[in-house]
Amino acid sequence: MTGREGKQAYPVARVGDFGEADRLVVQVKNVEIGLFKVGNDYYAWRNLCPHAAAPICAGTVCGTMLPSGVYEHEFGREGEIVRCPWHNWEFDLRTGELLADPSVKLRGFELVREGEELHLLL
Numbered sequence: 001m002t003g004r005e006g007k008q009a010y011p012v013a014r015v016g017d018f019g020e021a022d023r024l025v026v027q028v029k030n031v032e033i034g035l036f037k038v039g040n041d042y043y044a045w046r047n048l049c050p051h052a053a054a055p056i057c058a059g060t061v062c063g064t065m066l067p068s069g070v071y072e073h074e075f076g077r078e079g080e081i082v083r084c085p086w087h088n089w090e091f092d093l094r095t096g097e098l099l100a101d102p103s104v105k106l107r108g109f110e111l112v113r114e115g116e117e118l119h120l121l122l
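Going by the UniProt record's numbering, the sequence shown opens with residue 1, and the numbers climb by one from there.
Next comes the structure, spelled out in structure tokens:
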């Protein structure tokens, strides 16, 4: 199946495959890719942290501390952040950006939902 702009569409998962999980790891054309469910949305990121090539999908999906006043600690964005298992770098699962430096990003892939099926466009 051909997707947008002549890219090849690869069926990689069904929505039901996630069950209670927040991620799946698939392999397409010898590339390991993590599929992440954030709320009702799905995202595809290469399973490599850009810092030291750690398997980002082995990291913890969590939230993070939000900007707040002095002596205040506000936690938020639960389920939207993945923390690298090696050095604890935190990435936004919606944008792929490193929270501490948005110029550093996970390598993303276009993921399209068609009904209950998810297709990766390469």
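Idealized CB from N, CA, C, for every residue including glycine.
Asked: Cβ separation of V112 and L98, assumed to be a contact under 8 angstroms, to the nearest whole Å; Found: Wrong, their Cβ atoms sit about 25 angstroms apart, outside the cutoff.
Asked: G63, DSSP secondary structure in three states; Found: strand
Asked: D17, DSSP secondary structure in three states; Found: helix
Asked: Neighbourhood of R94 by C-beta distance below 8 angstroms, restricted to the same chain and skipping five residues each side; Found: V38, D41, Y43 and E80
Asked: Beta-carbon separation (whole angstroms), R23 vs C57, contact threshold 8 angstroms; Found: 6 angstroms
Asked: E5 - DSSP class collapsed to helix/strand/coil; Found: helix
Asked: Contact check, W89 vs A100, beta carbons under 9 angstroms; Found: yes
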